[in-house]
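Residue numbers (UniProt numbering), protein chains in the order written: chain P, 1 to 423; chain H, 1 to 322. Think of the CB as a built atom: it goes at the ideal place given N, C-alpha and C, for glycine as much as any other residue. Have a look at the structure below, then the notes.
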Amino acid sequence: MGALGVAATVVAACGGGETSGAPELTWYINNAVQVEIADACNEEAEGAYVLKTSLLPNSAAPQREQLLRRLAAGDTTVDLLSLDPPFMAEFANAGFLRPFTAEEQEELSQGVLEGPLEQSLYEDTMFSAPFYGNTQLLWYKKSVAEEAGLDPAAAPVTWDQVIEAAEQTGTTVGVQGRRNESLMVWVNALVSSAGGSILAEDSQGAAAEDVESALDSEAGAEAARIMSTIANSDIAPAGLSTAGEEESRAAFQADDGGFMVNWPYVWTAFEAAEAAGAVEEGFRDDIAWARYPQVVEGEASATPLGGIGVSIGAYTEHEEAALEAVRCVRSPERQKQNMLTAGEPAASAEVYDDPEVQEAFPMYEAIREGLTDAAPRPISPYYGDVTGVVQQGYHPPDALDEQTTPARTADFLEAVLDGSRML
Amino acid sequence: MSTTVPAAAGEVRAEADRQDAPAAAPARRQRMTDRARKERNLGWLLAGPAFVVMLSVTAYPIANAVWYSLFDFRLTDPDGRSFVGLGNYATILSDVLFWRQFGVTAAITVVTVAVEFVLGFALALVMHRALFLRKSVRTAILVPYGIITVVSAYAWQYAFTPAYGFVNPLFGSDLDWFGETVPSLVVICLSEIWKTTPFMSLLLLAGLAQIPSTYIEAAKVDGATAWQRFRKVVVPNMKGAIMVALLFRTLDAFRIFDNVFVMTQGANGTETLSFLAYRQTITRVMIGLGSAVSVILAVLVVLIAFLFIKGFKVNLAEQRGA
């Protein structure tokens with residue numbers, strides 16, 4: 001990596017900097033590992049552009065805040081940006097992103113899995129080139145599932161089955177109840193799996209005061225029921241209402257851990273925990289994974305979806321070069337590199353056929369399936385408000401009520417969007 | 001008594017003022033000497049540049065915020081900007097969220113300032129009276145104040161986190177401290193108290209140090225008990241220092257943000273008024289609404305300062321060396 005960095009500098013030096021025409025691009029990255037991707041692209045570009053990186057804060061909300069303020073101020077240095085897909089619609093609607101043309105859209109969609117593709121479009125136009133996707137899986141201890149007589153590997157299981165199995169075996173179910181984006185991911189997956197949605201279907205492109213919520217439904221009630229059942233039972237790990245992904249993993253690694261929904265990164269984290277002696281050697285031999293649980297028995301679950309798209313800032317002074325850089329960054333080759341170094345699952349289907357990837361990610365099939373059947377979070381220019389309201393309405397999980405929570409959250413959402421209430 | 005070391009010129013004027021004291025105010029104005037006028041001009045000259053800088057970095061943004069607070073303006077929707085007059089203020093003041101967060105902020109302020117005042121006074125007395133290791137005692141007491149608030153907030157959060165904190169095992173409890181409103185606020189207040197009590201005690205120590213020892217000795221000779229000396233001699237003679245300490249801490253506590261932001265991100269009803277302004281302005285990019293919250297917060301802060309100064313009947317501008 002160091003060598004590549006030096007090479008990039010040399011290329012820049014040979015190009016003579018700005019004067020000789022090699023445009024200098026800045027890519028706002030959300031993960032330090034993406035520096036290596038930029039280095040590789042600089043090598044490939046052979047002086048056509050120089051891609052520099054600038055690291056954003058490490059969680060989604062402050063990343064959005066920084067990008068938003070830069071773009072609102074018309075920052076011309078925002079050439080490329082790694083954007084969390086739920087925030088894309090807000091940026092696109094504000095005119096902060098350069099839309100991809102129809103031709104570019106077709107090119108950048110090729111071979112991309114359904115979930116990452118869907119969340120890269122706003123009103124059918126692509127504003128973010130899918131770079132990587134992410135999805136949650138159900139993780140469980142084989143010994144615990146066996147004791148409970150449950151086999152998630154054989155056929156998809158439901159939340160109720162998982163709850164019952166944990167109760168039977170005196171183990172915990174790791175979920176993310178912290179009032180941040182993690183909670184939204186959980187609520188959205190539950191509501192979508194039950195056949196509902198958080199916003200009414202035609203809300204894309206509607207003015208804020210006209211957006212309607214579809215939460216006040218059976219699906220919204222089912223989500224509240226499952227969440228409060230877990231939170232009010234002994235199967236809830238300690239500190240559930242403040243548990244994020246890492247707290248869930250810690251609970252799962254404990255002796256009474258049984259089940260957990262979490263992103264695939266935990267696999268490498270388990271490996272590291274074994275190496276560090278945090279869990280005993282061979283811990284992973286007892287761990288298995290399956291598709292995200294169903295809400296309604298027999299109806300395929302809508303798997304949680306995350307990831308990153310690469311967008312071009314609307315105020316860039318080097319549009320062509322930025323486009324070239326996007327092509328390089330999101331190429332299947334770079335996606336594979338990113339998957340192996342950062343552990344983030346590729347957005348393109350072909351990457352999963354690579355033997356190297358398959359070896360590093362034994363659960364690659366489950367990930368690919370999850371990225372195909374995924375349910376993106378609501379695509380709305382007011383997503384920030386939507387997630388804020390849902391995070392308040394569905395928190396804390398132990399105080400939810402299936403009768404009142406969905407209606408109250410839906411009313412609050414509409415009131416916040418039409419400006420009559422604050423968030 | 002004064003909270004700062006009086007400059008030589010100040011002392012001279014203090015003398016003059018004391019002679020003036022019985023005279024009526026208009027008479028004093030007439031008798032303003034050339035020298036006093038020159039001094040005043042010199043004062044303006046010295047403070048002028050700083051005054052201009054202050055205006056440009058504080059007055060302008062404040063005026064700007066007041067102006068923005070009259071608009072319905074979302075940063076991501078520049079075309080939708082419209083003038084709404086006092087509409088934002090109406091929305092805020094009629095929203096139950098504002099009043100709840102006002103309540104939380106007031107509760108945190110009252111609890112922390114009260115506890116800090118008692119603890120701070122005790123520590124100030126210890127620092128004042130310490131016979132040996134005087135410097136070490138003062139340094140040790142001041143350490144928490146030297147720690148950045150965000151860092152101390154994380155330290156307290158880690159200590160109380162159920163999964164890996166040491167507090168629960170220590171007391172054999174399994175309370176999810178950050179899962180409910182009251183326990184969260186308790187930790188937030190503890191952290192705030194731990195961190196800023198030294199500041200309080202430092203200001204009070206300055207007040208203690210200015211009470212001439214002759215006063216105390218005279219009281220002793222008159223047969224006053226320790227408590228009487230404290231009540232009748234110490235406290236009245238450091239009224240100015242007490243007011244400054246309470247005022248500074250109240251204003252600080254009323255604007256509390258970091259501890260809440262780090263520990264709960266505002267969950268479980270722990271949001272304060274600063275947090276409300278942050279959420280509207282930075283998270284929701286509702287510039288108009290957020291500016292209105294900030295303006296209300298600023299007005300409240302000014303109101304607090306006003307009430308303190310009136311309530312204590314101390315005019316800091318008239319404070320002179322004892």
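Helix, strand or coil for Glu317 of chain P, going by three-state DSSP, please let me know.
DSSP places Glu317 of chain P in coil when its eight states are reduced to three.
Measure the alpha-carbon distance for Glu402 of chain P versus Ala223 of chain P and round it to whole angstroms.
Distance between Glu402 of chain P and Ala223 of chain P, taken at the CA atoms: about 8 Å.
With a cut-off of 8 Å, does the C-beta of Ser241 of chain P fall near any C-beta of chain H?
Interface residue, yes.
So, are the CB atoms of residue 426 of chain P and Gln337 of chain P less than 8 Å apart?
Here chain P covers residues 1 to 423 and nothing more, so residue 426 of chain P does not appear.
Measuring only the C-alpha atoms, how far is Gln358 of chain P from Gln110 of chain P?
Going by C-alpha positions, Gln358 of chain P is about 21 Å away from Gln110 of chain P.
Along the chain, where does the beta strand (DSSP E) that runs through Val50 of chain P open and close?
Counted as a single uninterrupted DSSP element, the beta strand (DSSP E) harbouring Val50 of chain P occupies residues Val50 to Leu55.
Identify whether Tyr292 of chain P lies in helix, strand or coil by the three-state DSSP scheme.
Note: Tyr292 of chain P maps to coil in three-state DSSP.
Taking Val173 of chain P as part of the alpha helix (DSSP H), name the residues at either end of that continuous run.
DSSP places Val173 of chain P in no alpha helix (DSSP H) but in the uninterrupted beta strand (DSSP E) bounded by Thr172 to Gly174.
Which residues mark the beginning and the end of the beta strand (DSSP E) in which Tyr382 of chain P is found?
First-last for Tyr382 of chain P: undefined, no H or E at that position.
Determine the closest residue to Gly306 of chain P out of P:Gly419, P:Ser203, P:Thr372 and P:Val296, with distance taken between C-alpha atoms.
That would be P:Thr372, whose Cα lies nearest to the Cα of Gly306 of chain P.
Under three-state DSSP, which class holds Arg74 of chain H?
In the three-state reduction of the DSSP assignment, Arg74 of chain H falls in the strand class.
Inter-residue spacing [alpha-carbon to alpha-carbon] between Val157 of chain P and Pro355 of chain P:
The alpha-carbon atoms of Val157 of chain P and Pro355 of chain P are separated by roughly 29 Å.
Determine which residues of the stretch 306 to 333 of chain P have a Cβ less than 9 Å from any Cβ of chain H, and write them out in chain order.
For the stretch 306 to 333 of chain P, no residue has a beta-carbon sitting nearer than 9 Å to a beta-carbon of chain H.
Helix, strand or coil for Val211 of chain P, going by three-state DSSP, please let me know.
Residue state, collapsed to three classes: coil.
Are the C-beta atoms of Met88 of chain P and some chain H residue less than 8 Å apart?
Chain H, which has no Cβ nearer than 8 Å to the Cβ of Met88 of chain P, makes this no.
Suppose you measure from the CA of Val111 of chain H to the CA of Cys189 of chain H; what does that come to, to the nearest Å?
The alpha-carbon atoms of Val111 of chain H and Cys189 of chain H are separated by roughly 8 Å.
Just the chain P side, please: which residues come within less than 8 Å of Pro61 of chain H by C-beta, in chain order?
Close partners of Pro61 of chain H in chain P (Cβ separation under 8 Å) are lacking, with about 16 Å as the shortest Cβ gap.
Range covered by the beta strand (DSSP E) that runs through Pro304 of chain P
Counting along the chain, the beta strand (DSSP E) containing Pro304 of chain P begins and ends at Thr303 to Ile312.
Find the nearest neighbour of Val261 of chain P within the set P:Ile198, P:Ala38, P:Val162 and P:Gln392, judged by alpha-carbon distance.
If we check each option's Cα against that of Val261 of chain P, P:Val162 comes out closest.
Beta-carbon proximity list for Ala219 of chain H, same chain, < 8 Å, skipping 5 on both sides
Closer than 8 Å at Cβ, skipping near neighbours: Gln228, Arg229, Lys232 and Val233.
In whole angstroms, what separates the C-alpha of Ala279 of chain P from that of Gln253 of chain P?
One point to set straight first is that residue 279 of chain P is Val, not Ala, in the sequence displayed. Note on geometry: alpha-carbon atoms of Val279 of chain P and Gln253 of chain P lie some 7 Å from one another.
Just grab the DSSP bridge partners of Phe83 of chain H for me.
Secondary-structure assignment with DSSP links Phe83 of chain H through a beta bridge to H:Phe71.
Of all Cβ atoms in chain H, is any one closer than 8 Å to the Cβ of Leu55 of chain P?
Under the Cβ distance rule, Leu55 of chain P does not count among the residues neighbouring chain H, no pair being separated by less than 8 Å.
Measure the alpha-carbon distance for Ser348 of chain P versus Ala45 of chain P and round it to whole angstroms.
Taking the straight line joining both Cα atoms gives about 22 Å.
Would you kindly work out how many angstroms separate the C-alpha atoms of Ala38 of chain P and Ser82 of chain P, rounded to a whole number?
Cα-Cα distance, rounded: 12 Å.
Per-residue burial, Ile148 of chain H [other beta carbons within 10 Å of its own, 16 or more giving buried]
Here Ile148 of chain H is exposed, its C-beta having fewer than 16 other C-beta atoms within 10 Å.
So which residues on chain H does Ala72 of chain P lean against when the C-beta distance must stay under 9 Å?
Against Ala72 of chain P, the close residues of chain H are Leu75, Thr76, Pro78 and Val285, in the order they occur along the chain (beta-carbon pairs closer than 9 Å).
Could you tell me how far apart the beta carbons of Leu185 of chain H and Thr270 of chain H are, in whole angstroms, since I believe they sit closer than 8 Å?
Sure, about 6 Å apart at Cβ, within 8 Å.
If Gly258 of chain P and Thr341 of chain P are in contact, beta carbons under 8 Å, what's the gap, nearest whole angstrom?
That pair is no contact at about 32 Å.
Can you name the residues that DSSP bridges to Tyr28 of chain P?
In DSSP, Tyr28 of chain P forms a bridge with P:Ser54 and P:Leu81.
According to a CB-to-CB cut-off of less than 9 Å, which residues of the stretch 89 to 103 of chain P neighbour chain H?
So the close ones are Glu90, Phe91, Asn93, Ala94, Gly95 and Phe96.
Under DSSP, the beta strand (DSSP E) around Gly172 of chain H begins and ends at which residues?
Gly172 of chain H: not part of any beta strand (DSSP E); DSSP gives it neither H nor E.
For Asp411 of chain P and Phe131 of chain P, I'd like the C-alpha separation in whole angstroms.
Taking the straight line from one Cα to the other gives about 36 Å.
Is the beta carbon of Ala243 of chain P sitting closer than 8 Å to the one on Arg179 of chain P?
Not a contact, by the Cβ cut-off of 8 Å.
Any C-beta of chain B within less than 9 Å: which residues of the stretch 262 to 295 of chain H qualify?
The question asks about chain B, but that chain is absent: this structure's protein chains are P and H.
Can the beta-carbon of Ser59 of chain P be found less than 8 Å from the beta-carbon of Tyr28 of chain P?
No, the Cβ-Cβ distance between Ser59 of chain P and Tyr28 of chain P is not below 8 Å.
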